[in-house]
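What follows is a set of notes on a single structure, which appears directly below.
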Amino acid sequence: MRRPTEPQKLEIDRVIHEPARLILMAHLYVVESADVVFLMQTTDLTWGNLSSHLSRLEDAGYVEIVKDFVDRKPHTMVKLTAAGRRAFDEYRRQMKSLFADLPDGERST
Amino acid sequence: MNHLNLRSLESETWRANQRDGLFDLFFAVLFLGIALSQVADGVWHSEGATLGILVGVQSGGAAGLWWARRRITQPRLGVVRFAAERVRRIRTTRIALAVCVAATLALVLLTALGGRPGNPFAAPVSRVTVSAVAAGLVLIPLALIALFMEFPRILAHGVLFAAAEFGGTWLEGTSLHFPRAITFGVAAFCSAVIGATLLIRFLRTARIRTASGEPGSPDHA
């Protein structure tokens, strides 16, 4: 049982909360899937950075990476998993709730 | 700081996928086909030659643009598979564009037959009515596409078609040779300028990003 004096902890999904991963998740949320060329163009990340963030998201089970060949050229498609979509929806809800009751310009004294 | 929400992000993604200007060049090819078919009609007075040149130019141009999309712009754009709602809209757009192409074919055929003695299309329907119907058959679907697909540039090409169609009908009363070829040639030029400008700007700003680590470096599979 939580004591009255204990501060309420704000639990944010830190996998999504990182700016580059947030942008990646947002872009993947609004489409069915996208390849890494599109993601690099959109986010302006280098391949190394993008690969690192995608690995993190894949380890968390939020994205699925499918390697394929198109015209004999390697082609990597990325899509959100169902768990990834649920996590992103929950993150949106958390952020919305966090800022919901704070009027513009109000500050704590 | 820009304020993007998820809905505008999807729209922006869709519009970014069309920024190579090839869709605009497709309209230039359509108008050029009409212009050249009018010249063929005036020179050879043959429906076969008229339709053959129209279909040949439009098919050849479309094939060339498809190749350019696959080999030149797609490697820079990347591949996106859109969600179900956008896919439905794309399917509807394709149907509307097929109607537009069919309308241009019918227009050229009616125009070719219009000058033949004894044909059933000459007397009862005025050329202005034919122009109005043809312009409407093209402009209305394109306007709907522009709205439905959040692609306002298409409306510009629809207006160019309508202007070329009415301009050609109006110039037929003058001493100019091949009036429709002139008006559709001008429309083709305007569409080509729009498309070429977008394509050049796109090629200058969108580098080929590969998975080899360095932008613009060859892709080593």
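Residue numbers (numbering that gives the first Met the number 0), protein chains in the order written: chain L, 0 to 108; chain H, 0 to 220. From the three backbone atoms N, C-alpha and C, an ideal C-beta is built for every residue, glycine too. Because the structure is a prediction, the values reported are computed rather than measured.
{"Asked": "Chain-ordered neighbours of residue 178 of chain H on chain L, where CB pairs are closer than 7 Å", "Found": "What residue 178 of chain H touches in chain L: nothing, since even the nearest Cβ is about 45 Å away."}
{"Asked": "Among H:15, H:54 and H:43, nearest to residue 31 of chain H - alpha-carbon criterion", "Found": "H:54"}
{"Asked": "Between the CA atoms of residue 78 of chain L and residue 61 of chain L - distance to the nearest angstrom", "Found": "9 Å"}
{"Asked": "DSSP three-state assignment for residue 148 of chain H, whether helix, strand or coil", "Found": "coil"}
{"Asked": "Beta carbon of residue 21 of chain H nearer than 7 Å to that of residue 57 of chain H", "Found": "no"}
{"Asked": "Alpha-carbon to alpha-carbon, residue 152 of chain H and residue 104 of chain H", "Found": "23 Å"}
{"Asked": "Beta-carbon proximity of residue 5 of chain H to residue 29 of chain L, cut-off 7 Å", "Found": "yes"}
{"Asked": "Spatial neighbours of residue 179 of chain H in its chain, beta-carbon cut-off 6 Å, leaving aside the 5 residues before and after", "Found": "37 and 167"}
{"Asked": "Spatial neighbours of residue 43 of chain H in its chain, beta-carbon cut-off 6 Å, leaving aside the 5 residues before and after", "Found": "none"}
{"Asked": "Positions along the stretch 76-98 of chain H whose CB lies within less than 9 Å of some CB in chain L", "Found": "76, 77, 78, 79, 80, 81, 82, 83, 85 and 86"}
{"Asked": "Cutoff 7 Å: residue 43 of chain L Cβ touching any chain H Cβ", "Found": "no"}
{"Asked": "DSSP state of residue 44 of chain L mapped onto helix, strand, coil", "Found": "coil"}
{"Asked": "Contact set for residue 138 of chain H: own chain, Cβ-Cβ below 6 Å, skip 5 residues either direction", "Found": "157 and 161"}
{"Asked": "Residue 72 of chain L CB to nearest heavy atom of the ligand SAM below 6 Å", "Found": "Although the ligand SAM was asked about, the structure shown includes no ligands whatsoever."}
{"Asked": "For residue 36 of chain L and residue 52 of chain L, the rounded distance between their alpha carbons", "Found": "15 Å"}
{"Asked": "C-beta atoms of residue 49 of chain L and residue 39 of chain L nearer than 7 Å", "Found": "yes"}
{"Asked": "Buried or exposed (CB count within 10 angstroms, at least 16 for buried), residue 65 of chain L", "Found": "exposed"}
{"Asked": "Proximal residues to residue 184 of chain H (C-beta, below 6 Å), its chain only, five neighbours per side dropped", "Found": "34"}
{"Asked": "C-beta neighbour in chain H for residue 29 of chain L, strict 7 Å", "Found": "yes"}
{"Asked": "Alpha-carbon spacing of residue 24 of chain L relative to residue 72 of chain L, whole angstroms", "Found": "26 Å"}
{"Asked": "Beta-carbon spacing of residue 145 of chain H, residue 159 of chain H below 7 Å", "Found": "no"}
{"Asked": "Residue 80 of chain H - containing beta strand (DSSP E), residue span", "Found": "79-81"}
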